[in-house]
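S.K.: My questions all concern the structure below.
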Ligand SMILES: C[S@@+](CC[C@H](N)C(=O)[O-])C[C@H]1O[C@@H](n2cnc3c(N)ncnc32)[C@H](O)[C@@H]1O
Ligand code: SF4
């Protein structure tokens, strides 16, 4: 594999327009959701993101004038267990007042630790930022992973937590937001369809619709990763079975059944929100899936994933993973931010080689089975060609064009 030939131009290409930077504030969790890899994986090492390291990374992004559309303050574990969570928000808000280096931030949480005090602290930070001139939607979304509407089901999908706690926390969060006169962060009430909960999605939607009517606020219902974030909303989501294709098909059938009443009512095509890859992987053809696995692997026409070009995923210990799929892998990291800068790692040899592999149609590291690529989107042909041209790799452009058989 060839290396970076034109670092300056490539730096500019890769870091000036990042889709997102994802920080795993901790790989600890206080709940054991059966759907989640966190519940069965034993990490060699667990910990919390060091605030000083976070500052160092953000300072580099600001000083180098990089830009990220989204800064995600969660990934693998439960981010609100971090005792300094609000300091991370406060830091990026204060820095954004000096230099516009990101558009939005967001967090996904089981909501258990988001009590009145923490909610008040986070929302005070948001209010101060907005009062000082930041756009209202800077802290765009707090996503609550709820997944149930009855205490019995909740105990099955979130063992170790109680439904009334999270319901209380959600309502408190909304009332503090209201009292501060804020429209953002909007909240997502997420419901991931699983064996234990699929039958109560209707009751979930009805309950929350009634509640929002009572408080005089709109509540939308969405079915995919792609939704607008102008209002609070419910997101009914499919469950990922992590490479178990036969289970995946069963779960996906449950998902299609669960969303049918809403999609029919609104003439909504669930596949319209997903890429072809999603449809091809989860095509409900059980025999074919068991025989072939994911149909899409090593496809000649498969496009490189935006994730490896535009979205650094940073673990709590400063390791950058080569993509979001490497949450559990201790190996597939490309460098540690305690030792090197973001620029050095993200434009370094290891990431470059991963990108070139994908440009050449080689999808290693579990990418051949990945069904979440639609979250990131695909690199376009012109983006790839520009990337290779900037690095002086004209020979690879021809190879790429041949592979794609334009
Ligand atoms: C790993 S969790 C970490 C953040 C936080 N603990 C939470 O629960 O929101 C990140 C997101 O992954 C979702 N998730 C976990 N396992 C999943 C699965 N098998 N399929 C779909 N989504 C899943 C959670 O609902 C959550 O929104
Ligand atoms: S709360 Fe979040 S991180 Fe914890 S087990 Fe559930 S989905 Fe996974």
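In this note's numbering, the protein residues as written are 1 to 406. By construction, the Cβ of each residue, glycine as well, lies at the ideal position given by its N, Cα and C atoms.
1) Does the beta carbon of residue 47 fall short of 7 Å from some heavy atom of ligand 2?
2) Assuming residue 174 and residue 215 are in contact, meaning their beta carbons sit under 8 Å apart, how far apart are those beta carbons, in whole angstroms?
3) Which full runs of the beta strand (DSSP E) of 3+ residues lie inside the stretch 72 to 120, going along the chain?
4) Identify every run of the beta strand (DSSP E) within the stretch 128 to 164, keeping only runs that are complete inside it and at least 3 residues long; order them along the chain.
5) With a 10 Å radius around its C-beta and 16 neighbouring C-beta atoms as the bar for buried, classify residue 362 as buried or exposed.
6) Below 8 Å on the Cβ atoms is my guess for residue 60 versus residue 343; work out the distance and round it to an integer in Å.
7) Going by beta carbon distance, what residues of the same chain come within less than 6 Å of residue 80, once the five residues before and after it are set aside?
8) Check whether the Cβ of residue 108 lies closer than 7 Å to any heavy atom of ligand 1, and answer yes or no.
9) Can you tell me the Cα-Cα spacing of residue 210 and residue 218, whole angstroms?
10) How long is the line joining the alpha carbons of residue 86 and residue 51, rounded to whole angstroms?
11) Give me the residue from 317, 23 and 148 with the minimum Cα distance to residue 234.
12) Decide yes or no for the touch test of the stretch 303 to 311 against the stretch 331 to 350: beta carbon pairs closer than 8 Å, at least 3 of them.
13) Grab me the residues of residue 205's own chain with a C-beta within less than 7 Å of its C-beta, minus the 5 sequence neighbours each way, in chain order.
14) Which residue wins for smallest C-alpha separation from residue 191, given the options 183, 150, 172 and 213?
15) Alpha carbon to alpha carbon, how far is residue 32 from residue 158? Give it in angstroms, no decimals.
16) Going by C-alpha to C-alpha distance, which of 67, 47 and 44 sits closest to residue 14?
17) Compute the minimum distance between the beta carbon of residue 167 and the heavy atoms of ligand 2, and state whether it is under 7 Å.
18) How many angstroms separate the CA atom of residue 20 from the CA atom of residue 316?
19) Excluding five sequence neighbours on each side, which residues of the same chain lie with their C-beta closer than 8 Å to the C-beta of residue 18?
20) Buried or exposed: which applies to residue 257, given that a residue is buried once 16 or more other Cβ atoms fall within 10 Å of its Cβ?
21) Which residue comes first and which comes last in the alpha helix (DSSP H) that contains residue 203?
22) Per DSSP, residue 70 is paired with what?
23) Taking contact to mean 3 or more Cβ pairs, one atom from each stretch, closer than 8 Å, check whether the stretch 122 to 133 and the stretch 176 to 184 are in contact.
24) Taking its Cβ as the centre, do 16 or more other Cβ atoms sit within 10 Å of residue 133, making it buried, or is it exposed?
25) Quick one: does the C-beta of residue 351 sit closer than 7 Å to a heavy atom of ligand 1?
26) Please find out if some non-hydrogen atom of ligand 1 comes closer than 7 Å to the beta-carbon of residue 195.
27) What is the residue span of the beta strand (DSSP E) that residue 191 lies within?
28) Would the beta-carbon of residue 335 be found less than 7 Å away from any heavy atom of ligand 2?
M.R.: Reading it off the structure:
1) For the purposes of this step, residue 47 is identified with residue 47 of the chain shown, where counting begins at 1. Flag unset: Cβ of residue 47 not near ligand 2.
2) In the chain shown, the residue the question calls residue 174 occupies position 174. In the chain shown, the residue the question calls residue 215 occupies position 215. Contact holds; Cβ gap of about 7 Å.
3) 102 to 109
4) 139 to 145
5) In the chain shown, the residue the question calls residue 362 occupies position 362. Answer is exposed; the Cβ neighbour count stays below 16.
6) Indexing the chain shown from 1 puts residue 60 at position 60. Indexing the chain shown from 1 puts residue 343 at position 343. 7 Å between Cβ atoms; contact.
7) Along the chain shown, read from residue 1 onward, the residue named residue 80 stands at position 80. Cβ neighbours of residue 80 beyond the five flanking positions: 109, 113 and 114.
8) Within the chain shown, numbered from 1, the residue matching residue 108 stands at position 108. At least one heavy atom of ligand 1 is nearer than 7 Å to the Cβ of residue 108, so yes.
9) Start at 1 with the first residue of the chain shown, and residue 210 comes out as number 210. Start at 1 with the first residue of the chain shown, and residue 218 comes out as number 218. Computed Cα separation, rounded: 10 Å.
10) Counting from one through the chain shown, the residue named residue 86 turns up at place 86. Counting from one through the chain shown, the residue named residue 51 turns up at place 51. The straight-line gap from Cα to Cα measures roughly 11 Å.
11) Your numbering for residue 234 matches position 234 in the chain shown. When each option's Cα is compared against that of residue 234, the closest is 148.
12) no
13) Here the question's residue 205 lines up with position 205 in the chain shown. Closer than 7 Å at Cβ, skipping near neighbours: 221 and 234.
14) One-based indexing of the chain shown puts residue 191 at position 191. Checking every option, the nearest Cα to that of residue 191 belongs to 150.
15) Here residue 158 refers to the residue found at position 158 when the chain shown is read from its first residue. Here residue 32 refers to the residue found at position 32 when the chain shown is read from its first residue. Roughly 6 Å between the two C-alpha positions.
16) In the chain shown, residue 14 corresponds to position 14, counting from 1. The candidate whose alpha carbon is nearest that of residue 14 is 67.
17) For the purposes of this step, residue 167 is taken as residue 167 along the chain shown, with counting starting at 1. The answer is no for residue 167.
18) Counted from its first residue, the chain shown places residue 20 at position 20. Counted from its first residue, the chain shown places residue 316 at position 316. Approximately 17 Å between the Cα atoms of the pair.
19) Start at 1 with the first residue of the chain shown, and residue 18 comes out as number 18. Once the five neighbours on either side are set aside, the close Cβ partners of residue 18 are 66, 67, 68, 69, 310, 311 and 312.
20) Taking the chain shown and counting its residues from 1, the one referred to as residue 257 is at position 257. Answer is exposed; the Cβ neighbour count stays below 16.
21) Within the chain shown, numbered from 1, the residue matching residue 203 stands at position 203. Its alpha helix (DSSP H) spans residues 201 to 214.
22) By one-based count along the chain shown, residue 70 stands at place 70. In DSSP, residue 70 forms a bridge with 20 and 104.
23) yes
24) In the chain shown, the residue the question calls residue 133 occupies position 133. Result: exposed.
25) The sequence position of residue 351 within the chain shown is 351, counting from 1. For ligand 1, not one heavy atom lies less than 7 Å from the Cβ of residue 351.
26) As a working mapping, residue 195 is identified with position 195 in the chain shown. No, ligand 1 has no heavy atom inside 7 Å of this Cβ.
27) What you label residue 191 is simply residue 191 of the chain shown in a count that begins at 1. 186 to 192 is the span of the beta strand (DSSP E), which, as asked, contains residue 191.
28) Within the chain shown, the letter at position 335 stands for residue 335. It does not: the Cβ of residue 335 is nowhere closer than 7 Å to a heavy atom of ligand 2.
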